[in-house]
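Below is one structure, written out as structure tokens; the observations come after it.
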Amino acid sequence: MAAAFGTVFMPEMAITWFDGSDWSVPEMVSSDSITLHPGAHVLHYSSTCFEGLKAFRHTDGSVNIFRMDRNIARLSQSSRLLGLPALDDATVAQMIKDTVARFADEVPAPPGSLYIRPTHFGTEPAIGKAAVPSVTSCFYVLASPVGDYFAGGDKALRLLLEDQGMRCAPHMGMIKSGGNYASALQPIMRARDSVQADQVLFCPGGDVQETGAANFLLIDGNEIITKALDESFLHGVTRESILTLAKDLGMQVSEREITVDELLQRAAKPGCEAALSGTAAVLAPVGTFIYQGKEHAVGHGGVGETTRKLRQALNAIQWGQAEDTHGWLTRV
Ligand SMILES: Cc1ncc(COP(=O)(O)O)c(C=O)c1O
1 MAAAFGTVFM PEMAITWFDG SDWSVPEMVS SDSITLHPGA HVLHYSSTCF
51 EGLKAFRHTD GSVNIFRMDR NIARLSQSSR LLGLPALDDA TVAQMIKDTV
101 ARFADEVPAP PGSLYIRPTH FGTEPAIGKA AVPSVTSCFY VLASPVGDYF
151 AGGDKALRLL LEDQGMRCAP HMGMIKSGGN YASALQPIMR ARDSVQADQV
201 LFCPGGDVQE TGAANFLLID GNEIITKALD ESFLHGVTRE SILTLAKDLG
251 MQVSEREITV DELLQRAAKP GCEAALSGTA AVLAPVGTFI YQGKEHAVGH
301 GGVGETTRKL RQALNAIQWG QAEDTHGWLT RV
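Using my numbering, the first residue of the sequence shown is number 1, and each one after it goes up by one.
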């Protein structure tokens with residue numbers, strides 16, 4: 001059986017430390033451990049943010065990183081909003097490229113890829129700083145070869161619509177920070193146990209937002225509807241890429257608020273589709289909404305044709321089978 005996503009790591013990683021005034025010269029070190037003071041800020045006050053992006057092997061042998069600039073920009077935003085020391089974007093880009101280049105020979109061929117996990121966290125040994133940022137930090141780039149996300153078959157997901165709780169504090173949503181995942185865990189575990197849902201779609205007060213680790217898109221005929229960007233949810237790079245490709249294909253893209261009521265009304269139409277977008281799954285079909293104890297099929301309840309077509313369009317660029325017309329790939 002293939003290893004679970006994200007459990008195998010390349011043996012080395014690029015790392016740099018901020019001592020309060022300067023970043024150390026980045027170096028490649030063993031990825032099996034790092035040394036932290038037990039009072040490190042991150043371990044107590046969750047001063048951590050990270051990214052997830054992928055490198056792909058093309059048939060010409062080259063290795064290409066997808067939308068590295070967007071992920072670096074989001075990391076920089078997350079770091080700033082958490083009060084972490086500022087990273088230099090050019091240094092981060094070089095560390096990502098160095099880590100991928102170091103293991104270029106081990107990047108799996110499509111549908112596999114090398115998943116890249118840049119991580120930044122506060123290291124200051126200061127347990128009295130609950131309300132003060134860490135002045136020191138560490139940044140590293142960990143890499144993990146991953147296989148086909150859909151290896152078990154491309155099955156439509158079941159989502160519980162949660163309109164009471166929220167994924168995380170509203171002002172934290174657009175920060176890719178560990179605490180947000182911790183905050184979402186209880187409702188997700190409850191949804192798995194109680195109604196065998198695959199994921200929870202958080203819709204606080206009826207406002208359809210996102211799931212625990214992916215953005216949400218509704219596809220109704222030629223229209224694709226998704227929540228407009230605000231600070232309450234993560235601005236997915238896959239979401240932005242899919243919307244761009246949808247426009248290229250002549251679809252109408254509506255970035256606006258969508259309520260649970262509208263969602264259920266549209267889902268009842270035969271041609272309606274829903275999907276989750278994210279780096280790991282690209283675009284995963286949603287077949288069922290569970291709301292207030294009732295199950296609602298989305299369209300015919302299976303894998304939607306437009307969902308499949310959009311995923312193929314994105315994969316084709318990532319895998320070097322279609323022209324990279326938007327300049328999304330960085331060759332290592
Ligand atoms: C909460 C959350 N929303 C959305 C996404 C999708 O973001 P992206 O497409 O950049 O991977 C992720 C993915 O990591 C996520 O964790």
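Ideal Cβ placement from N, Cα and C applies to all residues, glycine included.
Open item on the list: Please output, in chain order, the residues near ligand 1 using a CB cut-off of less than 6 Å to any non-hydrogen atom of the ligand.
Closed with: Counting only residues whose CB is nearer than 6 Å to a non-hydrogen atom of ligand 1, the list in chain order is Gly52, Glu210, Ala213, Ala214, Asn215, Leu234, Gly236, Val237, Thr238, Arg239, Ser277, Gly278 and Thr279.
- [ ] Confirm, please, whether the CB-CB distance from Asn222 to Phe233 is below 9 Å.
- [x] One-based indexing of the sequence shown puts residue 233 at position 233. One-based indexing of the sequence shown puts residue 222 at position 222. No. Outside cutoff.
Open item on the list: Can you tell me whether Ile242 is helix, strand or coil according to DSSP?
Closed with: Residue 242 sits at position 242 when you count from the first residue of the sequence shown. In this structure, Ile242 counts as helix in the three-state DSSP scheme.
TODO: Going by CA-CA distance only, name the one from Gln77, Thr288 and Ile242 that's closest to Ser277.
DONE: As a working note, residue 277 is residue 277 in the sequence shown. For Ser277, the nearest C-alpha among the options comes from Ile242.
Task: Extent of the continuous beta strand (DSSP E) to which Pro145 belongs - done: Translated into positions along the sequence shown, residue 145 becomes position 145. Note, Pro145: beta strand (DSSP E), Ser137 to Val146.
Open item on the list: Could you compute how far the alpha carbon of Ala86 sits from the alpha carbon of Arg80?
Closed with: One-based indexing of the sequence shown puts residue 86 at position 86. One-based indexing of the sequence shown puts residue 80 at position 80. If you take the alpha carbons of Ala86 and Arg80, they lie about 7 Å apart.
Open item on the list: So Phe112 and Val135 are supposed to be a Cβ contact under 8 Å. How far apart are they, rounded?
Closed with: As a first step, residue 112 is located in the sequence shown; it is residue number 112 there, counting from the start. As a first step, residue 135 is located in the sequence shown; it is residue number 135 there, counting from the start. Note that residue 112 is Gly in the sequence shown, not Phe. Between Gly112 and Val135, the beta carbon gap of about 40 Å keeps them out of contact (Cβ cut-off 8 Å).
Open item on the list: So, with DSSP's three-state summary, where would you put Pro285?
Closed with: Within the sequence shown, residue 285 is the residue found at index 285, counting from 1. Assignment of Pro285 by DSSP, reduced to helix, strand and coil, places it in the strand class.
Open item on the list: Our contact map puts His296 next to Ala267 with C-beta atoms below 8 Å; I'd like the distance itself, whole angstroms only.
Closed with: Taking the first residue of the sequence shown as 1, we reach residue 296 at position 296. Taking the first residue of the sequence shown as 1, we reach residue 267 at position 267. Confirmed, about 6 Å.
Open item on the list: Can you check which of these residues, Gly212, Pro125, Val303 and Val141, is closest to Ser33 by C-alpha distance?
Closed with: Counting from one through the sequence shown, the residue named residue 33 turns up at place 33. The residue with the shortest Cα to Cα distance from Ser33 is Val141.
Task: With 16 other Cβ atoms within 10 Å as the buried cut-off, status of Arg311 - done: To locate residue 311, count along the sequence shown from 1; it is residue 311. Classification for Arg311: buried.
Open item on the list: In the DSSP output, what is Leu218 paired with across the bridge?
Closed with: Position 218 of the sequence shown holds residue 218. BP columns for Leu218 point to Ile225 and Ala274.
Task: For Met68 and Gly122, the rounded distance between their alpha carbons - done: As a working note, residue 122 is residue 122 in the sequence shown. As a working note, residue 68 is residue 68 in the sequence shown. For Gly122 and Met68, the distance between alpha carbons rounds to 23 Å.
Open item on the list: Less than 9 Å between the beta carbons of Pro118 and Glu51, yes or no?
Closed with: Here residue 118 corresponds to residue number 118 of the sequence shown, with the count starting at 1. Here residue 51 corresponds to residue number 51 of the sequence shown, with the count starting at 1. Taking 9 Å as the Cβ cut-off, Pro118 and Glu51 qualify as a contacting pair.
Open item on the list: With a threshold of 8 Å on Cβ separation, who are the neighbours of Gly271 within its own chain once the five nearest residues in sequence on each side are excluded?
Closed with: Position 271 of the sequence shown, counted from the start, is the residue given in the question as residue 271. Only Asp220, Gly221 and Gly299 meet the Cβ criterion.
Task: Spatial distance of Tyr45 from Gly39 (CA atoms) - done: On the sequence shown, position 45 is the one that residue 45 refers to. On the sequence shown, position 39 is the one that residue 39 refers to. So the two alpha carbons sit approximately 10 Å from each other.
Task: Classification of Met13 by the beta-carbon crowding that lies within 10 angstroms, buried from 16 upward - done: Counting from 1 along the sequence shown, the entry for residue 13 is found at position 13. Counting of Cβ neighbours within 10 angstroms places Met13 among the buried residues, the total reaching 16 or more.
Open item on the list: Is there a Cβ of chain D sitting closer than 9 Å to that of Leu201, yes or no?
Closed with: Going by chain labels, chain D is absent from the structure shown, which holds only one protein chain.
- [ ] Evaluate contact between the segment 203-218 and the segment 236-254, counting only Cβ atoms and requiring at least three cross-stretch pairs below 8 Å.
- [x] yes
- [ ] Identify, in the order they occur along the chain, each residue of the same chain with its Cβ nearer than 8 Å to the Cβ of Pro110, setting aside the five sequence neighbours on each side.
- [x] The count along the sequence shown starts at 1 and reaches residue 110 at position 110. These residues qualify, in order along the chain: Phe56, Arg57, Asn315, Gln318 and Trp319.
Task: Any non-hydrogen atom of ligand 3 within 8 Å of Arg239 CB - done: No copy of ligand 3 occurs in the structure displayed; its ligands are ligand 1 alone.
Task: Contact check, Leu329 vs Ile15, beta carbons under 9 Å - done: Here residue 329 refers to the residue found at position 329 of the sequence shown. Here residue 15 refers to the residue found at position 15 of the sequence shown. Their beta carbons are not under 9 Å apart, which means Leu329 does not touch Ile15 by this criterion.
- [ ] Assuming Ala280 and Phe5 form a contact by the criterion Cβ under 8 Å, report the distance between their Cβ atoms to the nearest whole angstrom.
- [x] Mapped onto the sequence shown, residue 280 falls at position 280. Mapped onto the sequence shown, residue 5 falls at position 5. Indeed, because the Cβ distance is near 6 Å, the residues count as touching under 8 Å.
Open item on the list: Considering only their Cβ atoms, is the gap separating Pro187 from Tyr165 smaller than 9 Å?
Closed with: Translated into the one-based positions of the sequence shown, residue 165 becomes position 165. Translated into the one-based positions of the sequence shown, residue 187 becomes position 187. The sequence shown places Gly at residue 165, rather than the Tyr named in the question. Their beta carbons are under 9 Å apart, which means Gly165 touches Pro187 by this criterion.
Open item on the list: Based on DSSP bridge pairs, tell me the residues matched to Trp319.
Closed with: The count along the sequence shown starts at 1 and reaches residue 319 at position 319. Looking at the DSSP assignment, Trp319 forms no beta bridge with any residue, so it has no partner.
Task: Cutoff 8 Å; reference Thr91; Cβ partners in own chain excluding five residues on either side - done: Within the sequence shown, the letter at position 91 stands for residue 91. The residues are Thr16, Trp23 and Pro26.
TODO: Can you tell me which of Thr288, Ile224 and Val195 puts its alpha carbon nearest to the alpha carbon of Glu257?
DONE: Locating residue 257 in the sequence shown gives position 257, where the first residue counts as 1. Of Thr288, Ile224 and Val195, the residue nearest in Cα terms is Ile224.
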